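Worksheet: the structure to be examined is printed underneath.
2 protein chains.
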Amino acid sequence: MLELAILGFLRDRPLHGYDLRKRVAALMGHVRPVADGTLYPAIKRMAAAGWLTRKDEPGAVAAPRRMLYLTDEGRAELERRLRDPDDLDISDENRWFTLLAFLRQLDEPKEQAAVLRRRLAFLEEPTSFFYDGDRPMAAEEFGDPFRQGLLTIAHATSQAELAWLRATIDALVALDGSA
Amino acid sequence: MLELAILGFLRDRPLHGYDLRKRVAALMGHVRPVADGTLYPAIKRMAAAGWLTRKDEPGAVAAPRRMLYLTDEGRAELERRLRDPDDLDISDENRWFTLLAFLRQLDEPKEQAAVLRRRLAFLEEPTSFFYDGDRPMAAEEFGDPFRQGLLTIAHATSQAELAWLRATIDALVALDGSA
DNA sequence: TCAATATATATCGGATCCGAGGTATACTCG
DNA sequence: CGAGTATACCTCGGATCCGATATATATTGA
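Just so you know, the sequences run in chain order A and B.
Take the first sequence: its position 59, counted from the start at 1, is 59 in the UniProt record's numbering, and no numbers get skipped.
Take the second sequence: its position 143, counted from the start at 1, is 143 in the UniProt record's numbering, and no numbers get skipped.
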């Protein structure tokens, strides 16, 4: 997921690692930024894969910066990941949020809509969080406020997402039809 | 986080690995269950740490089951993790949800409320997801429907959680006062 | 002026996780 | 009766991640 964020940010403009770190933290980390011990190895790894190149930037700032440029291979890899995301079928909000932040970078509205439809199909599957043996338990069955809270929050989240998904898919289809 | 789920489920009743796998999948995994290659090493690890004991169950079922029993050390470890969760300050919904599912296992309403208050404080911090240089960008600034969607969903989620948190903290405080 | 903080990059060990593969028995359906 | 599926446990290699640690300079505030 970190790799997708790096590819996405670099498609907008070249950045050095420290700047990238702040942007990734804002998107994925909030309080605790992504650890340096995670980010810099990831950059190195992705440079080895040929997705980005590094160039030293002799500048006015304290430490020497290494600017990161997305290569054509990196751009192709980004498009591949946006078009065919592996994990729309699991309930990992962070992954979905990161994807959502960069999905606009796909050129075709039709392909953007296709990704959203897969997510919609996933969210429309019935979900159960708790079981008594093999029998799924309904929210009303436990007075436990914490499990009630879990279901309340999960429900509100998926309702908000569903509403937005449906509206956005419609808009993308209309956009594609009129083009 | 997997370890917290295992401790929490075993506090309710002894389970064998395969049963645990289904419950963990229902809570954390939904479509894709936690991999066997993750769960069984985790069980082994936790047995080595003294948090649970394993006993072979010669039974009528196909393969021999190994029942898992939480030890006193395991119960103490669970309470420690519920009381002092490391990561209420990061935006990982899965962690928070797992914690929420077992927080009722803390005996004192006062301590339950204390955990919720820390989460409340985190959610009340202003958050920005996107930056133009160092300047945080408001939702209105980009017409981009994907970033708008990101903010819409994030906002709805945190509003639902805030409302539930405030109500539940009040209820716990009242409960503690009347006891 | 001196300490602290911010800038900036990097390595290393340890932890956890996933995917692929392996083993074996019971039940169900054609 | 045979194939497929469900039950049930496990190992191993590879990937990613975090925390600690290291280095070095510029800026800011007491």
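Cβ coordinates follow ideal geometry from the N, Cα and C atoms, glycine included.
For clarity, every value in this text was computed on a predicted model and none was experimentally measured.
Think of a sphere of 7 Å around the beta carbon of aspartate 170 of chain B: no beta carbon from chain A falls inside it, the nearest being about 11 Å out. The beta carbon of phenylalanine 129 of chain A is closer than 6 Å to none in its chain, skipping five residues each way along the sequence. DSSP, read as helix, strand or coil, puts threonine 98 of chain B in helix. With contacts defined as CB atoms closer than 7 Å, methionine 67 of chain B and proline 109 of chain B fail to qualify as a contacting pair.
At a C-beta separation below 7 Å, glycine 149 of chain B has these neighbours in chain A: Leu100, Trp164, Thr168. Sequence-distant partners of proline 136 of chain B (beyond 5 residues in either direction) whose C-beta falls short of 8 Å from its own C-beta, in its chain, are Ser128, Phe130. Pairing leucine 4 of chain A with threonine 71 of chain A gives a Cβ-Cβ distance that is not under 7 Å. Contact annotation for phenylalanine 97 of chain B against chain A: Leu150 [CB-CB distance below 7 Å, chain order]. Under the Cβ criterion (8 Å, minimum of three pairs), the region 108 to 124 of chain B does not count as touching the region 159 to 168 of chain A. What glutamate 57 of chain A touches in chain B, judged by beta-carbon distance under 8 Å, is nothing: the nearest beta carbon there is about 17 Å away. Neighbourhood of alanine 26 of chain B in chain A, by CB distance below 9 Å: Thr127, Ser128, Phe129, Phe130, Tyr131, Pro136, in chain order. Under the criterion of beta carbons closer than 8 Å, threonine 38 of chain A and leucine 2 of chain A qualify as touching, at roughly 7 Å. A contact is defined here as three or more CB-CB pairs under 8 Å, and the region 111 to 118 of chain B fails this definition with respect to the region 152 to 164 of chain A. When Cβ-Cβ separations below 7 Å define contact, leucine 103 of chain B makes contact with chain A. The alpha-carbon separation between threonine 152 of chain A and glycine 143 of chain A amounts to approximately 13 Å. Rounded to whole angstroms, proline 145 of chain A and leucine 100 of chain B show a C-alpha spacing of 9 Å. Taking leucine 27 of chain B as the centre and dropping the five residues before and after it, the same chain places the C-beta of Ala5, Phe97, Thr98, Ala101 closer than 8 Å to its C-beta, in chain order.
Taking the Cα of leucine 103 of chain B as reference, the smallest distance to any Cα among A:Arg147, A:Asp86, A:Tyr69, A:Pro64 is reached at A:Arg147.
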